[in-house]
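Residues 19 to 143, numbered by our numbering, are exactly what the sequence shown covers, in order.
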Amino acid sequence: MTQVSKRILARGLKGKVYQTFWEVVAKLKKSDEAQIFFGELFSKIEKINFTKRLSIVILLHKGYEWRAICDLLKVSPTTVAKMASKMESNGFELLFEKVESDESWREFFKELGKLYFRFAKTVDY
Numbered sequence: 019m020t021q022v023s024k025r026i027l028a029r030g031l032k033g034k035v036y037q038t039f040w041e042v043v044a045k046l047k048k049s050d051e052a053q054i055f056f057g058e059l060f061s062k063i064e065k066i067n068f069t070k071r072l073s074i075v076i077l078l079h080k081g082y083e084w085r086a087i088c089d090l091l092k093v094s095p096t097t098v099a100k101m102a103s104k105m106e107s108n109g110f111e112l113l114f115e116k117v118e119s120d121e122s123w124r125e126f127f128k129e130l131g132k133l134y135f136r137f138a139k140t141v142d143y
């Protein structure tokens, strides 16, 4: 589990640190740049958690069933529920708009759909 320091940053400094982080992220225009940056920034566990959460939200948006998401991504129903409760936020709406307008994502979902149906045939619900 990720540990957070109990030592609290001053309010002004905390805001500046967050702002700097988001500015750096916004400047990463290519996926290979983002992969290098986040590969160095996040631990292996943090990367797994982050990418699974993102995948859960996208799959829920695409209409996948909770149980299928749990089986495909090896996550608990509680994790899916937590992410589902956050889906109405403006941040996720922005993500969905960007994802759905990108051709490579459409191909990804087509392949994921094939995997889902292949997987669903082998699992009894």
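Idealized CB from N, CA, C, for every residue including glycine.
- Going by beta carbons, residue 56 and residue 62 fall outside the 9 Å limit.
- Between residue 130 and residue 105, the C-beta gap is not smaller than 9 Å, which leaves the two residues out of contact.
- By alpha-carbon distance to residue 127, the top candidate from 73, 96 and 100 is 73.
- DSSP places residue 64 inside the alpha helix (DSSP H), whose first and last residues are 62-79.
- In this structure, residue 84 sits near residue 98, with a CB-CB distance shorter than 9 Å.
- Sequence-distant partners of residue 93 (beyond 5 residues in either direction) whose C-beta falls short of 8 Å from its own C-beta, in its chain, are 70, 74 and 87.
- Counting only the Cα atoms, residue 60 lies some 16 Å from residue 23.
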